[in-house]
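In this note's numbering, the protein residues as written are -2 to 92.
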């Protein structure tokens, strides 16, 4: 089962992180950033905002998931996408 969210999975709607450090590591180990197919306009905002230098725009163009090991799941690309193309996905049962 997958859980989709446009906000970072480690924060509450009001801001501060909720899980403990150990829970954060487990949660991030099973998370992905995915793109909704056909919605990306190739503006490049996601790629420019990525602190790891990942070409998120190429992933968004394909409507795929960011699988680059450099992804920190920081949420920069998700929060800055002007069209809401990117989302966090938690793969339940994975660890």
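By construction, the Cβ of each residue, glycine as well, lies at the ideal position given by its N, Cα and C atoms.
Small disclaimer: the values here were computed from a predicted structure and weren't measured.
Is residue j closer than 8 Å to residue i when the C-beta atoms are compared?
i, j, result
"residue 40", "residue 79", "yes"
"residue 51", "residue 71", "no"
In terms of residues, what are the limits of the alpha helix (DSSP H) holding residue i?
i, result
"residue 62", "No alpha helix (DSSP H) contains residue 62, which DSSP labels as neither H nor E."
"residue 30", "Not the alpha helix (DSSP H): residue 30 falls in the beta strand (DSSP E), residues 28 to 32."
So is residue i buried or exposed if we call it buried at 16+ other beta carbons inside 10 Å?
i, result
"residue 64", "exposed"
"residue 54", "buried"
"residue 35", "exposed"
May I have the straight-line CA-CA distance separating residue i from residue j, to the nearest angstrom?
i, j, result
"residue 46", "residue 81", "14 Å"
Could you spell out the range, first to last residue, of the beta strand (DSSP E) harbouring residue i?
i, result
"residue 84", "83 to 88"
Keeping to the same chain, check which residues put their C-beta closer than 8 Å to that of residue i; ignore five residues upstream and five downstream.
i, result
"residue 62", "29, 30, 31, 32, 56, 86"
Kindly list the residues whose CB is nearer than 7 Å to the CB of residue i, restricted to its own chain and excluding five residues on each side of it in sequence; keep chain order.
i, result
"residue 49", "67, 68, 69"
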